[in-house]
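Remarks on the structure that follows.
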Amino acid sequence: MQELQEKNQNTQEVEVLEKGYHGFYKTVWLILLLLLIFVGWTFTHGTGEQNLGAWIIITIIPIIGYLIVFVGAGLTIRLVLDKIFKNKLNRPVLATVLIAALVTATASYFFIVKLIVPLNSESMLFYYIDLTIIGLPAILISLLALVLKINEPSFWRLYLKPAIITSFLAMLILPLAVEGLNYLFTKTLTCNLVTGKAPQISCYRAEAIETGNYRLCLEKKLDAMFEGDCVAAIAVYKKNPSLCELVKELKVYDACLHDMAIVTVDKRFCDGIKNQGLKESCLNYKPTTEEN
-9 MQELQEKNQN TQEVEVLEKG YHGFYKTVWL ILLLLLIFVG WTFTHGTGEQ NLGAWIIITI
51 IPIIGYLIVF VGAGLTIRLV LDKIFKNKLN RPVLATVLIA ALVTATASYF FIVKLIVPLN
111 SESMLFYYID LTIIGLPAIL ISLLALVLKI NEPSFWRLYL KPAIITSFLA MLILPLAVEG
171 LNYLFTKTLT CNLVTGKAPQ ISCYRAEAIE TGNYRLCLEK KLDAMFEGDC VAAIAVYKKN
231 PSLCELVKEL KVYDACLHDM AIVTVDKRFC DGIKNQGLKE SCLNYKPTTE EN
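In structure tokens form, the structure reads like this:
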């Protein structure tokens, strides 16, 4: 009799939760649609790519990947809380999953910006490395959560559905907010308003060097020489030799290694220079008294 009463009480709680979620989901999906369109337009406009294929690669693929990661984080934390509270935690589902998603999103963002971006030569590669390193554990633990909880009648309502919704929101809102602040408080907005190709290139180059954001050099796709010169300037300014490897133009690449050898006072960089004359000049270079 007691078991039947508990079952009826659980059923009533689930029904109340469903009613609360029903209106919430409609609003969320509308917001998601608008955010998705805006994010897609922002990314494609910012990289100069306006075709559907580029929009899918730049926007949809990372969104799907991060969705998997954040849902995994949400399920993981939910499972841990269930174990701590002995499966008595029903109502704060949205809060726990949202916190999990936001924590994962923040960690993911700083992981990309601080660790992956300075090390990789492909502008899109860091997305997939980030997803692999952060995503695989989350997916594996999610599978464990699925195995342990999938047979429960309330699994979809109390676990998976809220995790998907809140994770999707966190995934879109947090990067959008961070990028929005970066966009507003840098010269990039001003550079977009500059007329004329040469002045705009100079503006982007100055912004990239000042902020150390080499992605500005690569994403704008204004000019091949601009990209190489821009990245090389940041490499020398930041004393980051790995950025020289991003330079495709051979002359600029050699110049980057030459300048790197000078600013770091390390002639080992001279060995990578292809131009024999510049290589000898680099090896024979002696700093002046002022430079010392």
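Residue numbers (the working numbering): -9 to 282. For glycine and all other residues, C-beta sits at the position ideal for the given N, C-alpha and C.
Tell me which same chain residues have a C-beta within less than 7 angstroms of the C-beta of residue i, skipping the five on either side of it?
i, result
"V350", "Any answer about residue 350 is impossible in this case: the structure gives the chain only from -9 up to 282."
"L233", "Y204, V221, I224, A225"
"D249", "V226"
Can you give the Cα-Cα distance for residue i and residue j, rounded to whole angstroms?
i, j, result
"K187", "T254", "33 angstroms"
"L208", "I191", "12 angstroms"
"A251", "P189", "30 angstroms"
"Y227", "E270", "23 angstroms"
"A198", "L206", "6 angstroms"
"C193", "E235", "23 angstroms"
"E200", "G262", "27 angstroms"
"N265", "D256", "18 angstroms"
"A268", "R258", "Sequence check: residue 268 is Leu here, not Ala. If you take the alpha carbons of L268 and R258, they lie about 14 angstroms apart."
Find out if the Cβ-Cβ distance for the pair residue i, residue j is shorter than 7 angstroms.
i, j, result
"L273", "C260", "yes"
On the criterion of 16 or more Cβ atoms from any shown chain inside 10 Å, does residue i qualify as buried, or is it exposed?
i, result
"Y275", "exposed"
"R195", "buried"
So, does the CB of residue i fall closer than 7 angstroms to a CB anywhere in chain B?
i, result
"E200", "Among the chains of the structure shown, chain B does not appear; only one protein chain is present."
Considering only residues of the same chain and omitting the five flanking positions on each side of residue i, which have a CB-CB separation below 8 angstroms?
i, result
"G202", "I224, Y227, K228"
Can you determine whether any heavy atom of the ligand ADP sits closer than 6 angstroms to the C-beta of residue i, and answer yes or no?
i, result
"K228", "Looking at this structure, you won't find the ligand ADP or any other ligand, since it has none at all."
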